[in-house]
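> Residue numbering for the sequence shown follows numbering that gives the first Met the number 0, beginning at 0 and increasing consecutively.
Even for Gly, the Cβ is constructed at its ideal location relative to N, Cα and C.
Model, not experiment: these values are computed from the prediction.
Dropping the structure in here first, questions after.
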Amino acid sequence: MVHRLLEITLQYAKDLHKVNLISKMDVYVVVSISGGDKNSKQRIKTAADHGGDANPMWRFTTQFAVEEAALLQNRLVLDFELKCERALKDRAVGEVHVPVKDLLDFPANGGAGKQKFVSYQVKKPNGKPKGQLTFSYRFRDKTAAAEPPLPPVEEPGSVSMIAYPVVESISPCPAPVPGGYQPAGGLTPLEWLPPPSWWGYPPPPPPLPSPPVHGYVYPPPPPLMQLGPNWWIVDWRYDFRCS
């Protein structure tokens, strides 16, 4: 698809419709091209002029990629929307619509590719004319947009193959050590570890016998006599004696 580059420089506007009764207007412009492919919709906004009021000046340059076929068929329109920047909500000042083919057919002064200055009447939102917009433009050389690559064509009888990334091989686990299990990570088995620092000392001595208890000693409980299954009786004939 062939495109042509359109360079536009917004110069100034004068005698615009005043939408602010007391304060000065801060006017900016939104530039776009309509009538072409929806995927190639372009929209650019300038900075607001905070001191020009009804006679703003921008000196703002931008570029648009214009489809050559739509340009020659006179389907493209260059749209200028002039708006006043406000605190709550911006307000429309006026608008200008220019067919792009008119700019292409405009006689060149000084040769092709030279900058041309044009002025168009601004219309208020109600359609009445008020003010004038001046801008300059020029067309650049044609460029061919890159076409998307076509899918590969498979010959009859061919088999599609999928290439997978090469994965680095992982070394197998080391062979087990005879006589025991070798831990992972290069650790030393328990039987190979050196003896602890306390290894070789004699075992601790046996505990000392408890001292004799002096005083009153409780006798053991009296014996029980079994009269039958689950029947028991205490033999009170047991002789209680103190030591």
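Within its chain, find whatever has a CB closer than 7 Å to the CB of Arg137; leave out the 5 residues flanking it on each side and keep chain order.
Excluding sequence neighbours, Arg137 sits near Glu6, Gly112, Lys113, Gln114, Lys115.
> Buried or exposed: which applies to Met0, given that a residue is buried once 16 or more other Cβ atoms fall within 10 Å of its Cβ?
By the 10 Å Cβ count, Met0 comes out exposed.
> In chain order, what residues of the same chain lie with their CB nearer than 6 Å to the CB of Phe59, ignoring the 5 residues before and after it?
For Phe59, where only same-chain residues beyond five positions count, the Cβ hits under 6 Å are Leu9, Thr45.
> Assuming Val117 contacts Leu81 (C-beta within less than 8 Å), just tell me the rounded distance between them.
Not confirmed; about 16 Å, so no contact.
> Going by DSSP, what residues sit across from Pro128 in a beta bridge?
BP columns for Pro128 point to Lys122.
> Could you check the C-alpha separation between His2 and Ile21 for me, to the nearest Å?
Taking the straight line from one Cα to the other gives about 46 Å.
> Comparing alpha-carbon positions, which option in Lys141, Lys129, Lys23, Glu66 lies nearest Ala47?
Answer by Cα proximity: Lys23.
> When we look at the beta-carbon of Leu207 and count the other beta-carbons within 10 Å, is it buried (16 or more) or exposed?
Per the 10 Å Cβ criterion, exposed.
> Would you please state the rounded distance, in angstroms, between the beta carbons of Val18 and Val92? I believe it to be under 8 Å.
Their Cβ separation, rounded to whole angstroms, is 6 Å, which keeps Val18 and Val92 in contact under 8 Å.
> Just verifying my parser: in three-state terms, what is the DSSP assignment at Leu20?
Note: Leu20 maps to coil in three-state DSSP.
> Kindly give me the distance between the Cβ atoms of Ile43 and Val26, rounded to whole angstroms, as I take these residues to be in contact under 8 Å.
With 8 Å as the limit, Ile43 and Val26 do not qualify as a contact, their Cβ atoms being about 16 Å apart.
> What does the Cβ neighbour count give for Pro204, buried or exposed, with the cut at 16 atoms within 10 Å?
Counting Cβ neighbours within 10 Å, Pro204 comes out exposed, since fewer than 16 surround it.
> Rounded to whole angstroms, what's the CA-CA distance from Val99 to Ala86? Just pull it up for me.
If I take the Cα positions, the gap works out to 34 Å.
> For Asp140, which of helix, strand or coil comes out of DSSP?
Reduced to three states, the DSSP call for Asp140 is strand.
> Unbroken alpha helix (DSSP H) runs of length 4 or more, entirely within the stretch 36-73: which are they?
With a minimum length of 4 residues, the continuous alpha helix (DSSP H) runs that stay inside the stretch 36-73 are 67-71.
> Report the residue from Lys13, His49, Gly50, Leu70 whose alpha carbon sits nearest the alpha carbon of Asp36.
Closest by alpha carbon: Leu70.
> Report all residues from its chain with a CB closer than 7 Å to the CB of Val95; omit the five preceding and five following residues, and keep chain order.
Once the five neighbours on either side are set aside, the close Cβ partners of Val95 are Phe79, Tyr119, Val121, Leu132.
> Check whether the Cβ atoms of Lys141 and Glu84 lie closer than 8 Å to each other.
Not closer than 8 Å, so no.
> Who are Asp78's beta bridge partners in DSSP?
Answer by DSSP bridge pairing, in chain order: Ser31, His96.
> Can you tell me whether Leu9 is helix, strand or coil according to DSSP?
In the structure shown, Leu9 sits in a strand (DSSP, three-state: E or B).
> So what does DSSP say about Leu102, is it helix, strand or coil?
Three-state DSSP puts Leu102 in a helix.
> Tell me whether Ala91 sits in a helix, a strand or coil according to DSSP, three-state version.
DSSP places Ala91 in strand when its eight states are reduced to three.
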